[in-house]
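Residue numbers (the working numbering), protein chains in the order written: chain A, 286 to 598; chain B, 226 to 763. All residues carry an ideal CB built from backbone N, CA and C; glycine is no exception. All of these numbers come straight from a predicted model, not from anything done at the bench. Scroll down for the structure; my scribbles are underneath it.
Next up, the structure:
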């Protein structure tokens, strides 16, 4: 197990290194000049050239890459070329809204989806099953921004129950924090509820058809413990895999959700940086995302050993 | 004997509560020290404030930021007349070659130090190194000399009537006065400390880059006694705090305004204006009356637009109505305009605008294009697809050109891609271009010196690199002209000449209404900047 974790962590470094090279080349070879964007529309070519020189953008690509790589290896993600603020500081300021959103979304999605998936499997072929499946298709098909605007219109503008936008740190109170996350979490979580509910239903149907479940029923095990203690645990591996994939997919989903609900998270930070060609921020955040992605996959792999004793690394 | 560490439910709760209190404390302290909602204006402006140095960039958001915390020597009022701001007295020698300026009493930076001529002179030099009008001015300046801590002089090589107007202009970058310490920063590098002598103080602790920018009232600001008007008069901050919230999504900003979470939204999209007009809690108001002017830029370096007849063809081909209607829809907010200096401004005139009355005349446009020697080679039109006006206008230009037989290739990218490629002077098939679309602030367009695009200095000019000696001679004359009448006369001559050599084609002029909650009053109308002094909440 220990050797497996070390091997995976080392491979994380390799993956992040490759991501770093790829992102650097992609950014620097694609059209768009931060100097021209900084200078504004009324700037002359000479002014833009002066800014390019001052930012070091006229240096050969390998020199720019080397400069960046050395800094990263020393733990320095660089400084935003627009705001002069260190990238690490910007990420530090933005990471909590994203973690909060991802956490509440996953908790909400997993709780709802497991209940719905188990119910659908238990009552397979019934009206409840059909309803869960229909809602899953709808939840998976409607884009986040459509759900987001609808929720804002109903709950924030018409009913005035919840705020339209923004983020309040947990340090300023639980309700302000939660109230700013309810609508975004629902909007973002709907697709994951659909995804996880469907896989839960399928996995549970397989398990419920097993002999040992029939035996449990025959021995008079109550429905609740039978479904949630015995069947759900056995069906856990594919569900955890999908939850893991869902967390990784969240990285993409938060970008739109953070924009619609004006949450000052990592997603908006990177989108704003891309539109401005703020290379250090883009590189830093994508490096962070790739690390998170690899670690989530590692955790999912490790969780298999808890759910299925036959699996060993 | 060692005691085994155990965690009981009680100790767990205690630790948890203590940790929560510790984490929550800074937030609570912040919340307690923040002014109440009635004394705070929350505003969503047209974009993010990415650069905090208003001299280093021409970005309008940086100019807005500058207007909050820095002051200017002069400022334009609501009638676009230049009025003194930090200056109390000024005057020129008989030969108009020495201008003497005296600073007002009591001017102080927010760090408590007095504003002196050392600060002013350093600020002037840095601004002039970055600004087109400043560079034009400095070609005529022999020296900027300190007389004493409150008095300085411009020693000119020749009379320069535009001097005071340049110091008070609102096209970016504005001539903001900083401490000598920051003003001595290399003009090609950004300042890192933001200390001004204006009506607000930049609150860096509460500011979150890319999220919100916080400005607190400067309790030590000494306003002028005249009533506030544009960027002139008494800049009295009537609220304790102004927050620029960065909200990328317009629909979210509108919802936030309707829900009362923000007080002011600078640029609600025109197509959503109807949604706001029916809301009794909101007011729509055009603050920048000179608006914006859409602009087709042609590349003078390569065929076919290196030939004047091809450029004339574009004058006759395009109907501004199409371009305005496609993006702005509501005729209340746009107009067609033939003047090279925009409409509704002192330099507006009708010299040499026969083409405007005739356009669109595709037959004539086709004749001109053929006369230019055009043989069907590809015309590369850059299209920024992420900006509505630019995307729509490029589609219309391409369609119009194709209708007269031109071979148009549309190169689509985001605006960043256009910005990158427009700097390439190579032929279109080697990474260059023939046409691109942008827009400019109406107030900048109204000024032959302030708008870089008015210069026709060839390879040194703005993208497209037009070249015309007469244009430059007339711009110089305009800059030294003393009276408004004289300037207007020269502006006519400039326009007469411009529509002969056709440096660009206008695509129409529009204004953008701002939206605000009804309890927010006192917003000042001025082009180029949105001031928040004088504004208050009921």
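N- and C-terminal bounds of the beta strand (DSSP E) containing residue i
i                      : result
residue 735 of chain B : 729-735
residue 581 of chain B : No beta strand (DSSP E) contains residue 581 of chain B, which is instead part of the alpha helix (DSSP H) from 579-583.
residue 364 of chain B : It is not in any beta strand (DSSP E) - residue 364 of chain B carries neither H nor E in the DSSP assignment.
residue 309 of chain B : 307-309
residue 687 of chain B : It is not in any beta strand (DSSP E) - residue 687 of chain B carries neither H nor E in the DSSP assignment.
residue 314 of chain B : 312-317
residue 633 of chain B : 633-638
residue 469 of chain B : 466-470
residue 355 of chain A : Run containing residue 355 of chain A: none in the beta strand (DSSP E); it sits in the alpha helix (DSSP H), 346-358.
residue 462 of chain A : Here residue 462 of chain A belongs to no beta strand (DSSP E); instead the alpha helix (DSSP H) covers 459-493.
Classification of residue i by the beta-carbon crowding that lies within 10 angstroms, buried from 16 upward
i                      : result
residue 497 of chain A : exposed
residue 731 of chain B : buried
residue 539 of chain B : buried
residue 250 of chain B : The predicted model places residue 250 of chain B with a pLDDT of 41, which falls under 50 and marks its position as unreliable, so this point remains unresolved.
residue 295 of chain A : exposed
residue 537 of chain B : buried
residue 286 of chain A : exposed
residue 372 of chain B : exposed
residue 311 of chain A : exposed
residue 580 of chain A : exposed
residue 729 of chain B : buried
residue 234 of chain A : With chain A covering 286 to 598 only, the question about residue 234 of chain A has no answer from this structure.
residue 314 of chain B : exposed
residue 508 of chain A : exposed
residue 384 of chain A : exposed
residue 654 of chain B : exposed
Cβ of residue i within 8 Å of any chain E Cβ
i                      : result
residue 277 of chain B : No chain E appears in the structure shown, which is made up of the protein chains A and B.
Check: residue i C-beta below 7 Å from any heavy atom of the ligand SAH
i                      : result
residue 576 of chain B : Among the ligands in the structure shown, none appear at all, so the ligand SAH cannot be discussed.
Closest residue to residue i among the options (Cα-Cα distance)
i                      : options                       : result
residue 687 of chain B : A:352, A:332 and A:320        : A:332
residue 700 of chain B : B:722, B:439, B:311 and B:648 : B:722
residue 747 of chain B : B:311, B:388 and B:488        : B:488
residue 564 of chain B : B:577, B:556 and B:553        : B:577
residue 515 of chain A : A:533, A:489 and A:540        : A:489
residue 679 of chain B : B:482, B:429 and B:703        : B:703
residue 649 of chain B : B:474, B:450 and B:605        : B:605
residue 369 of chain B : B:381, B:575, B:360 and B:359 : B:381
residue 560 of chain B : B:352, B:516 and B:336        : B:516
residue 786 of chain B : B:284, B:308 and B:661        : There is simply no residue 786 of chain B to check, as chain B begins at 226 and stops at 763 in what is shown.
residue 736 of chain B : B:744, B:569, B:707 and B:677 : B:569
residue 334 of chain B : B:443, B:277 and B:349        : B:443
residue 416 of chain A : A:483, A:293, A:561 and A:427 : A:483
residue 531 of chain A : A:475, A:519 and A:441        : A:475
residue 643 of chain B : B:628, B:659, B:631 and B:633 : B:659
residue 429 of chain A : A:349, A:503 and A:473        : A:473
residue 417 of chain B : B:279, B:715 and B:325        : B:279
residue 379 of chain A : A:578, A:402, A:589 and A:570 : A:570
residue 326 of chain B : B:693, B:428 and B:379        : B:379
residue 449 of chain A : B:303, B:448, B:461 and B:484 : B:484
Limits of the unbroken alpha helix (DSSP H) element including residue i
i                      : result
residue 668 of chain B : 667-670
residue 506 of chain B : First-last for residue 506 of chain B: undefined, no H or E at that position.
residue 617 of chain B : 613-628
residue 519 of chain B : Looking at the DSSP string, residue 519 of chain B is not in any alpha helix (DSSP H); the run it does join, the beta strand (DSSP E), is 517-523.
residue 344 of chain B : 342-355
residue 376 of chain A : 372-407
residue 557 of chain A : 551-561
residue 703 of chain B : 694-705
residue 430 of chain A : 429-436
residue 293 of chain B : 285-294
residue 434 of chain B : Counting along the chain, residue 434 of chain B falls outside any alpha helix (DSSP H), and DSSP gives it neither H nor E.
### Message
Using a Cβ-Cβ cutoff of 8 Å, what residues of the segment 342-363 of chain A are near chain B? List them in chain order.
### Response
Those would be none; no residue qualifies.
### Task
Could you run through the segment 415-449 of chain B and flag, in chain order, every residue whose CB is less than 9 Å away from some CB of chain A?
Within the segment 415-449 of chain B, the qualifying residues are 415, 417, 433, 434, 435, 436 and 437.
#### Entry: Runs of alpha helix (DSSP H) lying entirely within the segment 387-426 of chain B, each at least 4 residues, in chain order
If we require 4 residues or more, the alpha helix (DSSP H) runs fully inside the segment 387-426 of chain B come out as 388-393 and 405-408.
#### Entry: Against chain A: residues of the segment 465-491 of chain B by CB proximity under 7 Å
Contacts with chain A (Cβ-Cβ distance below 7 Å) from the segment 465-491 of chain B involve 472, 473, 474, 476, 477, 480, 481, 483, 484 and 486, listed in chain order.
### Query
Any residues in the segment 708-737 of chain B with a beta carbon nearer than 7 Å to a beta carbon of chain A? Which ones, in chain order?
If the cut-off is 7 Å between Cβ atoms, the segment 708-737 of chain B has nothing near chain A.
### Residues of the segment 549-564 of chain A with Cβ closer than 9 Å to any Cβ of chain B, in chain order
From the segment 549-564 of chain A, only 549, 553, 554, 556, 557, 558, 559, 560, 561, 562 and 563 have a Cβ closer than 9 Å to chain B.
#### Entry: Minimum length 4: unbroken alpha helix (DSSP H) runs contained in the segment 286-327 of chain A
Those alpha helix (DSSP H) runs which fall completely within the segment 286-327 of chain A and span 4+ residues are 287-314 and 319-324.
### Query
the segment 674-703 of chain B: which residues have C-beta closer than 8 Å to a C-beta of chain A, in chain order?
The residues in question are 676, 677, 678, 685, 686, 687 and 688.
### Query
Taking the runs of the alpha helix (DSSP H) that are 4 residues or longer, which of them lie wholly in the segment 534-601 of chain B?
The segment 534-601 of chain B contains, as complete alpha helix (DSSP H) runs of 4+ residues, the segments 545-553, 579-583 and 587-596 (chain order).
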